[in-house]
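Asker: Sharing a structure below in structure tokens format, with a few things to ask.
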Amino acid sequence: LYRPPNLFGDIAYDRCPGCKHSRCRHEISHKDFQSVISTAKGLAIKNPYRGSDDQRSGAAWIEEILKRTIGQRSVVRYTFARLNTISSVWDELVRDQPPPIGCYQDYDRHWDALIDKINDLY
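For what it's worth, this note's numbering labels the leading residue of the sequence shown as 2, then goes sequentially.
Here it is as structure tokens:
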């Protein structure tokens, strides 16, 4: 049963948006997600990405993300990008997209969409 977002932004799905099953088969546990956040924070850079005001192109930013998160899953890459991009640019990149839910495949999908959006805009 799909319900539209409430005032607080929570979204309910009858199927997992990532793996398309009624019960998520690739769920990210709370412990794993905390590990993802700490890993992404540990890889943090000094200069966050500033979009068109940045000296790095979109392709260079994607390359830097991939280089810093080598061997990591898309959830770490997506979280790293979110933590190292200024909020106004991040808002522009994820506009009209619901946030990823706790599913590895949903983060894979959002990571691919983020790469496409960075390439389109910058």
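All residues carry an ideal CB built from backbone N, CA and C; glycine is no exception.
Smallest Cα separation from I66: which of W91, I46, G52 and I87?
Answerer: Along the sequence shown, one-based indexing puts residue 66 at 65. Per the C-alpha coordinates, the member of W91, I46, G52 and I87 positioned closest to I66 is I46.
Asker: Looking only at its own chain, which residues have a Cβ that is under 7 Å from the Cβ of R96, when we skip the five neighbours before and after it?
Answerer: Start at 1 with the first residue of the sequence shown, and residue 96 comes out as number 95. Excluding positions up to five away in sequence, the list is empty.
Asker: Using beta-carbon positions only, say whether V77 and T70 come within less than 8 Å of one another.
Answerer: Here residue 77 corresponds to residue number 76 of the sequence shown, with the count starting at 1. Here residue 70 corresponds to residue number 69 of the sequence shown, with the count starting at 1. Judged by beta-carbon spacing, T70 lies within the 8 Å limit of V77, meaning their Cβ atoms are closer than that value.
Asker: Going by DSSP, which residues form a beta bridge with C104?
Answerer: Residue 104 sits at position 103 when you count from the first residue of the sequence shown. Its beta-bridge partners are E28.
Asker: What is the DSSP secondary structure of Y123, reduced to helix, strand or coil?
Answerer: As a first step, residue 123 is located in the sequence shown; it is residue number 122 there, counting from the start. Here Y123 sits in coil by DSSP.
Asker: Is K118 near L94, with beta carbons less than 8 Å apart?
Answerer: The sequence position of residue 118 within the sequence shown is 117, counting from 1. The sequence position of residue 94 within the sequence shown is 93, counting from 1. Going by C-beta atoms, K118 is nearer than 8 Å to L94.
Asker: Since Y50 sits in a beta bridge, which residues does DSSP pair it with?
Answerer: Position 49 of the sequence shown holds residue 50. Paired residue(s): T86.
Asker: Evaluate the contact criterion for the segment 18 to 26 versus the segment 51 to 66: three or more CB pairs, one atom per stretch, below 8 Å.
Answerer: no
Asker: Taking all protein chains shown into account, do 16 or more other C-beta atoms lie within 10 angstroms of the C-beta of P5, making it buried, or fewer, making it exposed?
Answerer: As a working mapping, residue 5 is identified with position 4 in the sequence shown. For P5, the predicted model reports a pLDDT of 48, less than 50, meaning its position is unreliable; a value from the coordinates is still stated below. Label assigned to P5: exposed.
Asker: Determine the DSSP secondary structure at L94, reduced to helix, strand or coil.
Answerer: Numbered from 1 along the sequence shown, position 93 holds the residue referred to as residue 94. Three-state DSSP puts L94 in a helix.
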